[in-house]
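A.B. asks: Right, I'll just put the structure down here and ask away after.
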Amino acid sequence: AQKITQTQPGMFVQEKEAVTLDCTYDTSDQSYGLFWYKQPSSGEMIFLIYQGSYDEQNATEGRYSLNFQKARKSANLVISASQLGDSAMYFCAMRGARRGGGADGLTFGKGTHLIIQP
Amino acid sequence: GAVVSQHPSRVICKSGTSVKIECRSLDFQATTMFWYRQFPKQSLMLMATSNEGSKATYEQGVEKDKFLINHASLTLSTLTVTSAHPEDSSFYICSASRTGSSYNSPLHFGNGTRLTVT
């Protein structure tokens, strides 16, 4: 079974500051993917960044980077130079390989509600 | 690329009626689609995995006779909420997995359907 833990229900951050959203995970799978999604108040799920279990370098996508520490089973999202439009729910998620091919669906954490203040 | 269309975006129905929600992958084939449910201020919970040409796999606690899933083609999955009751009111969101993809591929989400049962 897979489990994602996000311990920050809500965060307030000043505009232009960097913010780190915490995520820890638990799995017995050797092959897995870690994902971060953003969900604005409108409800759509926006894919931000991906980190594979075998990737040795931390993933980066523009202002987003993923601080992957495999031994600690953590996959924190770092947003640099936060903007007002970053205000949203952020979900950490995991996807494992399925025996016989393919993959499971995503298992989500409870999310962090990020509010960027001007 | 990788666009998922979900309709309707909002639906209000009377208790006892059935509601059908469609999920289409517009520019890719999806052997597998996933249906999630999200209550206000909560995370996404996987309801079922929809497989093209075969029966859906339901998560524990999800009534398969209440939430009928049909995945008749590689681009379309439908979720029918039968005999809806007020407690079925929720945000339903589908996601699609590109055929041949694995755990290292993100899922692409529709924009969700907000169901209100009166």
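Protein sequence lines correspond, in order, to chains A and B. Once you know that position 31 of the first sequence is 33 in this note's numbering, the rest is easy, because the numbers rise by one and skip nothing. Once you know that position 54 of the second sequence is 74 in this note's numbering, the rest is easy, because the numbers rise by one and skip nothing. Ideal placement from N, C-alpha and C gives every residue a C-beta, glycine not left out.
Measuring CA to CA, which of A:I117, A:Y66 and A:L108 is closest to I6 of chain A?
C.D. replies: Measuring from the Cα of I6 of chain A, the nearest candidate turns out to be A:L108.
A.B. asks: For R97 of chain A, return the contacting residues in chain B, with the cut-off set at a CB-CB distance below 7 angstroms.
C.D. replies: Near R97 of chain A (Cβ distances below 7 angstroms), the residues of chain B are Y123.
A.B. asks: To the nearest angstrom, how far is it from the Cα of A3 of chain A to the Cα of I48 of chain A?
C.D. replies: In a straight line, the C-alpha of A3 of chain A is about 25 angstroms away from that of I48 of chain A.
A.B. asks: For D106 of chain A, which three-state DSSP category applies?
C.D. replies: Looking at D106 of chain A - three-state DSSP - the assignment turns out to be coil, as it is neither helix nor strand.
A.B. asks: One question on the structure: do H91 of chain B and E79 of chain B come within less than 8 angstroms of each other, judged by their Cβ atoms?
C.D. replies: It is not a contact, given that the beta carbons lie outside the stated cut-off.
A.B. asks: Just to check my reading of the structure: E63 of chain A and L50 of chain A have Cβ atoms closer than 8 angstroms, yes? What is that Cβ distance to the nearest angstrom?
C.D. replies: Their Cβ separation, rounded to whole angstroms, is 7 angstroms, which keeps E63 of chain A and L50 of chain A in contact under 8 angstroms.
A.B. asks: Can you name, in chain order, every residue of its own chain whose Cβ lies under 6 angstroms from the Cβ of K18 of chain A, other than the five neighbours on each side?
C.D. replies: For K18 of chain A, where only same-chain residues beyond five positions count, the Cβ hits under 6 angstroms are A83.
A.B. asks: List, in chain order, every chain A residue whose beta-carbon is nearer than 8 angstroms to that of L66 of chain B.
C.D. replies: The contacting residues are G107, L108 and T109.
A.B. asks: Below 6 angstroms CB to CB, which residues in the same chain sit around V23 of chain B once its five sequence neighbours on both sides are set aside?
C.D. replies: The residues are L46 and D47.
A.B. asks: Report all residues from its chain with a CB closer than 7 angstroms to the CB of A50 of chain B; omit the five preceding and five following residues, and keep chain order.
C.D. replies: Closer than 7 angstroms at the Cβ level, and outside the excluded window around A50 of chain B, lie L94, T95, A116, S117, R118 and T119.
A.B. asks: On the criterion of 16 or more Cβ atoms from any shown chain inside 10 Å, does R57 of chain B qualify as buried, or is it exposed?
C.D. replies: R57 of chain B is buried by the Cβ-count criterion.
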